[in-house]
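S.K.: Quick one: the structure is below, and I'll ask about it shortly.
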Amino acid sequence: MQSTFDQFDLEALYQNQIGLETVERMLPELPEVFVKAINIFRLVRHYMLKGGIEAIDVPVTEISLRLEDSGFAPHLANQVQALFSEQFPNLYSINFNVLEELELALIKKHILDTMLEDKQ
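Using numbering that gives the first Met the number 0, you'd call the opening residue of the sequence shown number 0 and step up by one each time.
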């Protein structure tokens with residue numbers, strides 16, 4: 000059985016407004032833990048943009064300091080750094096594109112899980 004999502008090229012979803020709206024419409028369908036992770040990724044991207052560091056690779060070991068310099072609350076910045084260190088041990092640096100890719104990976108995982116459930 001073909002899923003309704005098969006026709007979408009997920010990497011292209013952010014390339015236009017319709018794609019962005021599609022991603023936003025999918026958020027309520029995602030598991031709560033995925034939505035929380037996506038919100039964290041988006042918040043980090045916002046502060047990277049605010050701090051002018053969106054175009055550079057920030058080592059995971061320095062993300063807390065860089066976020067604090069951008070106005071992020073220190074205790075939250077430490078939690079974000081711990082999250083990336085623990086949940087993504089093979090990730091050595093973070094940039095704007097990596098955060099978008101992580102968000103899309105969660106959406107893809109949900110779509111694949113949905114497709115597998117549909118086949119059962």
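In this text, a Cβ means the ideal position worked out from N, Cα and C, and glycines have one as well.
Run through the DSSP bridge pairs and tell me what Val57 is partnered with.
M.R.: Partner(s): Ile93.
S.K.: Is it true that the CB of Phe71 sits closer than 8 Å to the CB of Tyr46?
M.R.: In this structure, Tyr46 places its C-beta atom within 8 Å of the C-beta atom of Phe71.
S.K.: By Cβ distance below 6 Å, which residues in the same chain neighbour Gln80 in space, the five residues on each side in sequence not counted?
M.R.: Ile62, Ser63
S.K.: What would DSSP say about Leu29, mapped onto helix, strand or coil?
M.R.: Taken through DSSP and simplified to helix, strand or coil, Leu29 comes out as coil.
S.K.: Identify which residue in Phe87, Asp117, Asp112, Lys118 has its Cα closest to the Cα of Leu29.
M.R.: Asp112
S.K.: Given this structure, state the Cα-to-Cα distance separating Ser84 from Glu67, to the nearest angstrom.
M.R.: Across the structure, Ser84 and Glu67 are spaced so that their CA atoms are roughly 17 Å apart.
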